[in-house]
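To get this note's numbering, take the position in the sequence shown, counting from 1, and add 7. Each residue gets a CB set at the ideal place from its N, CA and C atoms; glycine is no exception. The structure displayed is predicted, hence computed values, not measured ones. Down below is the structure, laid out as structure tokens.
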Amino acid sequence: MVSRARAGGAVRCRGLSPAHRGRVSLCLQGKQKKARKYAVMKRMISLRDQRINEKDRAKAPVKKKEDPSAIKEREVPQHPSCLFFQYNTQLGPPYHILVDTNFINFSIKAKLDLVQSMMDCLYAKCIPCITDCVMGEIEKLGQKYRVALRIAKDPRFERLPCMHKGTYADDCLVQRVTQHKCYIVATVDKELKRRIRKIPGVPIMYISRHRYNIERMPDDYGAPRF
8 MVSRARAGGA
18 VRCRGLSPAH
28 RGRVSLCLQG
38 KQKKARKYAV
48 MKRMISLRDQ
58 RINEKDRAKA
68 PVKKKEDPSA
78 IKEREVPQHP
88 SCLFFQYNTQ
98 LGPPYHILVD
108 TNFINFSIKA
118 KLDLVQSMMD
128 CLYAKCIPCI
138 TDCVMGEIEK
148 LGQKYRVALR
158 IAKDPRFERL
168 PCMHKGTYAD
178 DCLVQRVTQH
188 KCYIVATVDK
198 ELKRRIRKIP
208 GVPIMYISRH
218 RYNIERMPDD
228 YGAPRF
């Protein structure tokens, strides 16, 4: 005979062998566990319930119709004071050149020394600059690009820390040259070139005919055109 005490919930087994008592206790424990699972679940009120008023519900935002005759407002970036039309007064030797991953890889294929070839192109002292995003991009490429990583860690390169979110190198370079007009961007990426051409006063260095060439550089600086 199996009975349960009301106060403590203890199980009393009368007239059963020890083996049957163990089975009965295991069955009761399983029932208790299932009951606990049902107790943990929370009941949700449906949206059609009468206790919920329509006034209390969050209404969807209503889009206002645009007035065609209204004056449209737009934000125009402030023109930097360092530019005289397209002439950038902040450019000058020693030149600070931002280098991206493709430029280093194509320089290795063309067997060009970065610092010396930059000086041959601009006829002045050049300081290659590499950002944390570009360095991280080269490190992710793995063992195949170990030569590019060794060049990027050259002590002649100036390391620029990145304070923004994300590690996309193209966005990093565009953001940096937009804020500071003292850089030349060295790249062979067509998409990055297209984005930088929209920023006034930023020259672009690229590789052509196994040498470095410069684009959008003022003639007063004496950089050759090939």
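Per DSSP, which one or two residues make a beta bridge with Pro135?
Looking up residue 135 in the sequence shown gives position 128. For Pro135, which the question treats as bridged, DSSP gives the partners Ile104.
Using C-beta distances below 7 Å, list every residue in its chain close to Ala159, excluding the 5 sequence neighbours before and after it, in chain order.
Reading the sequence shown from its first residue, position 152 is the one you call residue 159. Only Ile111, Ile137, Met142 and Ile145 meet the Cβ criterion.
In terms of alpha-carbon separation, which member of Asp177, Pro87 and His217 lies closest to Cys169?
Mapped onto the sequence shown, residue 169 falls at position 162. For Cys169, the nearest C-alpha among the options comes from Asp177.
Can you list, in chain order, the stretches of the alpha helix (DSSP H) that have 4 or more residues and sit fully within the stretch 139-174?
Entirely contained in the stretch 139-174, the alpha helix (DSSP H) runs reaching 4 residues are, in chain order, 139-147 and 153-159.
Using the Cβ count rule (16 or more neighbours within 10 Å means buried), how would you classify Asp120?
Here residue 120 refers to the residue found at position 113 of the sequence shown. With fewer than 16 Cβ atoms within 10 Å of its Cβ, Asp120 is classed as exposed.
Nearest by alpha-carbon distance to Arg153: which of Ile221, Pro87, Pro68 and Thr108 is it?
Counted from its first residue, the sequence shown places residue 153 at position 146. The shortest C-alpha separation from Arg153 is found at Thr108.
Buried or exposed: which applies to Gly196, given that a residue is buried once 16 or more other Cβ atoms fall within 10 Å of its Cβ?
As a working note, residue 196 is residue 189 in the sequence shown. Strictly speaking, residue 196 in this sequence is Asp, with Gly absent from that position. The residue is buried, with at least 16 neighbouring Cβ atoms inside 10 Å.
Out of curiosity, what's the CA-to-CA distance linking Val9 and Arg50?
By one-based count along the sequence shown, residue 9 stands at place 2. By one-based count along the sequence shown, residue 50 stands at place 43. Annotation note: pLDDT 47 at Val9 (below 50); position unreliable, no value reported.
In the DSSP output, which residue or residues are listed as bridge partners for Val192?
Taking the sequence shown and counting its residues from 1, the one referred to as residue 192 is at position 185. Paired residues: Leu105 and Ile211.
So what's Pro218 in DSSP terms, helix, strand or just coil?
Counting from 1 along the sequence shown, the entry for residue 218 is found at position 211. According to the sequence as given, residue 218 is Arg; it is not Pro. Here Arg218 sits in strand by DSSP.
Run through DSSP, which three-state label would Asn112 get?
Start at 1 with the first residue of the sequence shown, and residue 112 comes out as number 105. It is helical.
By the three-class DSSP mapping on this structure, what secondary structure does Leu90 have?
Locating residue 90 in the sequence shown gives position 83, counting from the first residue. In this structure, Leu90 counts as strand in the three-state DSSP scheme.
Give me the DSSP bridge partner(s) of Asn60.
Sequence index remark: in the sequence shown, residue 60 carries index 53 (1-based). In DSSP, Asn60 forms no bridge with anything.
Looking at the unbroken alpha helix (DSSP H) that takes in Ile203, where does it start and where does it end?
For the purposes of this step, residue 203 is identified with residue 196 of the sequence shown, where counting begins at 1. Here the alpha helix (DSSP H) through Ile203 covers Lys197 to Arg204.
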